[in-house]
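Peer 1:
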Amino acid sequence: AAAALEQTKMNRRSISPALAAQRASSVSPPAAKDVAADKAAADSEAADTGPAINVLSLFDSLLEPSTLAMHPPVIIQAGTRVEHELLLGQAVTTLAAKLRDPPPSLSAIHLVPLTLSLSKITELLLDEAVAKQGARAVLVKAFELDFPGLADVLRQAMDMKALVVIAELTSEADLTTLMKDNILEELTANRLIITLSGRTSSGDPLDVPTRLFAEGCTLMQTTSLGLYLNDLKVSNRLLANLFRRIRTAGADAAASYYSMVERLHVGHSEVGREGMQELLELLASADCKIKSIDISFSAIEGWPILQSLKRNRSLTSLDVRHVKGLVGVYETIAEQLLDDKSSSQLGCMRCEFFDLGELDKTLNLREVKLEPSSVRLIAGLLKRNTMLLELDLTAADVEDNGAVALASALAFNTTLVTLCLTYNPALSTASKAELRKAVGAHSPSMRLDL
1 AAAALEQTKM NRRSISPALA AQRASSVSPP AAKDVAADKA AADSEAADTG
51 PAINVLSLFD SLLEPSTLAM HPPVIIQAGT RVEHELLLGQ AVTTLAAKLR
101 DPPPSLSAIH LVPLTLSLSK ITELLLDEAV AKQGARAVLV KAFELDFPGL
151 ADVLRQAMDM KALVVIAELT SEADLTTLMK DNILEELTAN RLIITLSGRT
201 SSGDPLDVPT RLFAEGCTLM QTTSLGLYLN DLKVSNRLLA NLFRRIRTAG
251 ADAAASYYSM VERLHVGHSE VGREGMQELL ELLASADCKI KSIDISFSAI
301 EGWPILQSLK RNRSLTSLDV RHVKGLVGVY ETIAEQLLDD KSSSQLGCMR
351 CEFFDLGELD KTLNLREVKL EPSSVRLIAG LLKRNTMLLE LDLTAADVED
401 NGAVALASAL AFNTTLVTLC LTYNPALSTA SKAELRKAVG AHSPSMRLDL
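As structure tokens, then:
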């Protein structure tokens, strides 16, 4: 199955990478004196978090052309061994795919990804004869143990400073090895990602050495996962088991990483009766953490999903394209979202009539003949949407009830800057006045075209 790492924290700010195992801003590091304070803030889950980004963006920025003699390392700290393996697998697979056929925007020097176990380096350094040969010789020796006869390739990449090193740390001994002057200097001469997990002898999580902050490192911590199963056609039995594990993860210490799942994409899957029941229970559970779900082109029925949405407080994005029976309940969903007492966080939706994705800044429905329920549904989504900047409903058959719903949504939406509603002859003078009043009261700088 494809898994994704979706949320990370860097000190007091959160970043959100996406990681798909088996596939798929510059952030200033803290000063050394602030490390203890930042760790305490992270442990207490301080609320001052920053915007989310995809982990692929992290890798993209890491691969950008650079003239630096020393590259600040990127450290991603995983809470469990499973998270660590997901992270490591994603880094290897993604970087290999990107660098096998690099785009023209990358450096003229062909970068080479290299996984490196610090445990193996630690073992090699115990051999005095090997250790005396220097850091580079030790790194080459570790590589040669896994890939006999290819040491010259690694030496050439080192000479050109063309390595993207993914260093795996799982123990205090690994950290000690990393911090040896010659080892750290050799590694930071290249682009360096450090994946960190494990505990000290006293049972505490491994701390990041303060010296690394002096090197200008970026520190992250995994806090959520996403599962992307759209292309796998997972069976009903396996899906039911997956949904159950996610729902009960809080009570199951052995599978606690399931409680980190916030994105669940199961489009085109064989969701039968058992799987559907488990999914409904998951979405309706009080401690549901799922923020994004894709059930498009599946056998799931619309009406039961609607009942689960009434109780859900976590979903922000929903993909229900070609879900049986859901078109007929769009008006009911719109009523739920527009209700002032609604606790729903839904702000993005992909369906037959429109496609409003999580990162979309523009929704252009010009000359698309929309049903009244679709316009009201868009209005309901606008209440919680924080990304959309432009909404074009020109000549979209918008009626008075849709205009009134849009006006009510403007009391909650703080990001929309352009709303086009020209050439909708069904709009009355009263509904247009309602829209102008809402814009004047809540978004005076918004451009409203009527």
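The UniProt record's numbering numbers the first residue of the sequence shown as 1 and each following residue consecutively. Think of the CB as a built atom: it goes at the ideal place given N, C-alpha and C, for glycine as much as any other residue.
(1) Taking the straight line between their C-alpha atoms, what separation do you get for methionine 446 and cysteine 420?
(2) Determine the direct distance from the alpha carbon of leucine 99 to that of isoleucine 295, and round the result to whole angstroms.
(3) Quick one: what does DSSP say residue 480 is sitting in, helix, strand or coil?
(4) Taking the alpha carbon of phenylalanine 243 as the reference point, which residue from Leu219, Gln277, Gln221, Glu215 has its own alpha carbon closest?
(5) Put tyrosine 228 into one of helix, strand or coil per three-state DSSP.
(6) Would you check if there are 3 or more beta carbon pairs closer than 8 Å linking the stretch 361–381 to the stretch 391–399?
(7) Using a C-beta cutoff of 9 Å, does glutamine 90 count as contacting chain C?
(8) Counting only runs of 4+ residues fully inside the stretch 229–297, write out the alpha helix (DSSP H) ranges in chain order.
(9) Where does serine 105 land, buried or exposed, given buried means 16+ other C-beta within 10 angstroms?
(10) Tell me the rounded alpha-carbon separation between glutamate 168 and asparagine 230.
(11) Among Thr218, Leu283, Arg273, Ser61, which residue has its Cα nearest to the Cα of leucine 264?
(12) So the alpha helix (DSSP H) glutamate 301 belongs to, where does it begin and stop?
(13) Straight-line CA distance for glutamine 221 to glycine 79?
(14) Entirely within the stretch 95–142 and at least 3 residues each: give me those beta strand (DSSP E) ranges in chain order.
(15) I'd like to confirm the pairing. Which residues does DSSP put opposite aspartate 392 in its beta bridges?
(16) Helix, strand or coil, according to DSSP, for glutamine 77 in the structure here?
(17) Between which residues of its own chain and threonine 386 is the CB-CB distance below 6 Å, once the five residues before and five after are set aside?
(18) Within a Cβ cutoff of 8 Å, which residues of the same chain sit near alanine 405, ignoring the five residues on either side of it in sequence?
(19) DSSP state of aspartate 339, grouped into three classes?
(20) Using a Cβ-Cβ cut-off of 6 Å (strictly less than) and excluding sequence neighbours within five positions of lysine 39, which residues of its own chain qualify?
(21) Which word fits proline 444, buried or exposed, when buried means at least 16 other C-beta atoms lie within 10 angstroms of its C-beta?
(22) How should aspartate 319 be labelled, buried or exposed, when 16 other C-beta atoms within 10 angstroms of its C-beta is the threshold for buried?
(23) DSSP three-state call for leucine 184: helix, strand or coil?
(24) Measuring CB atoms only, is the stretch 192–210 touching the stretch 173–180, in the sense that at least three cross pairs come out at less than 8 Å?
(25) Under 6 Å Cβ to Cβ from residue 481, same chain only, skipping five residues before and after it: list those, please.
(26) If you follow the beta strand (DSSP E) that lysine 167 is part of, which residue opens it and which one closes it?
(27) Compare the beta carbon distance of valine 138 and valine 112 with 9 Å and say whether it is the shorter of the two.
(28) Considering only residues of the same chain and omitting the five flanking positions on each side of alanine 240, which have a CB-CB separation below 7 Å?
(29) Where valine 368 and leucine 238 are concerned, what is the direct C-alpha to C-alpha distance, given to the nearest angstrom?
(30) Along the alpha helix (DSSP H) that carries arginine 199, what are the first and last residues, could you check?
(31) Classify lysine 291 as buried or exposed, calling it buried when 16 or more other Cβ atoms lie within 10 Å of its own Cβ.
(32) Return the first residue and the last residue of the alpha helix (DSSP H) that aspartate 400 is part of.
(33) Apart from the five residues just before and just after leucine 389, which ones in its own chain have a Cβ nearer than 8 Å to its Cβ?
(34) Which same chain residues, not among the five before or five after leucine 359, have their C-beta less than 8 Å away from its C-beta?
(35) Report, in whole angstroms, the separation of the C-beta atoms of leucine 163 and asparagine 182, which I expect to be a contact under 8 Å.
(36) Which residues does DSSP list as the beta-bridge partners of arginine 311?
Peer 2: Reading it off the structure:
(1) 11 Å
(2) 33 Å
(3) No statement about residue 480 is possible, as the shown extent of the chain runs from 1 to 450 and does not include it.
(4) Gln277
(5) strand
(6) yes
(7) No chain C is present in this structure, which holds just one protein chain.
(8) Within the stretch 229–297, the complete alpha helix (DSSP H) runs of at least 4 residues are 236–247, 273–284.
(9) Around the beta-carbon of serine 105, fewer than 16 other beta-carbon atoms lie within 10 Å, marking it exposed.
(10) 30 Å
(11) Looking from the CA of leucine 264, the closest CA among Thr218, Leu283, Arg273, Ser61 belongs to Leu283.
(12) Taken as a continuous stretch (DSSP letters only), glutamate 301 belongs to no alpha helix (DSSP H), as it is neither H nor E.
(13) Roughly 8 Å separates the two Cα atoms.
(14) Uninterrupted beta strand (DSSP E) stretches at least 3 residues long and entirely within the stretch 95–142 occur at 112–117, given in chain order.
(15) Asn364, Cys420
(16) strand
(17) Thr415
(18) Ala334, Leu338, Val375, Arg376, Ala379, Gly380
(19) Coil at aspartate 339, not helix or strand.
(20) Annotation note: pLDDT 37 at lysine 39 (below 50); position unreliable, no value reported.
(21) exposed
(22) Its Cβ being crowded by 16 or more others within 10 Å, aspartate 319 is buried.
(23) helix
(24) yes
(25) Within the shown structure, residues of the chain are numbered from 1 to 450, placing residue 481 beyond reach of any answer.
(26) The amino acid at residue 167 is misidentified as lysine; the sequence shows alanine. Counting along the chain, the beta strand (DSSP E) containing alanine 167 begins and ends at 163–169.
(27) no
(28) Glu274, Gly275, Glu278
(29) Rounded to the nearest angstrom, the two C-alpha atoms are 40 Å apart.
(30) Segment: none, arginine 199 is in no alpha helix (DSSP H) and carries neither H nor E.
(31) buried
(32) 400–409
(33) Lys361, Thr362, Thr415, Leu416, Val417, Thr418
(34) Same-chain partners within the cutoff: Met387.
(35) At roughly 16 Å, the Cβ-Cβ gap does not stay under 8 Å, so leucine 163 and asparagine 182 are not in contact.
(36) Answer is none; arginine 311 lacks a bridge partner.
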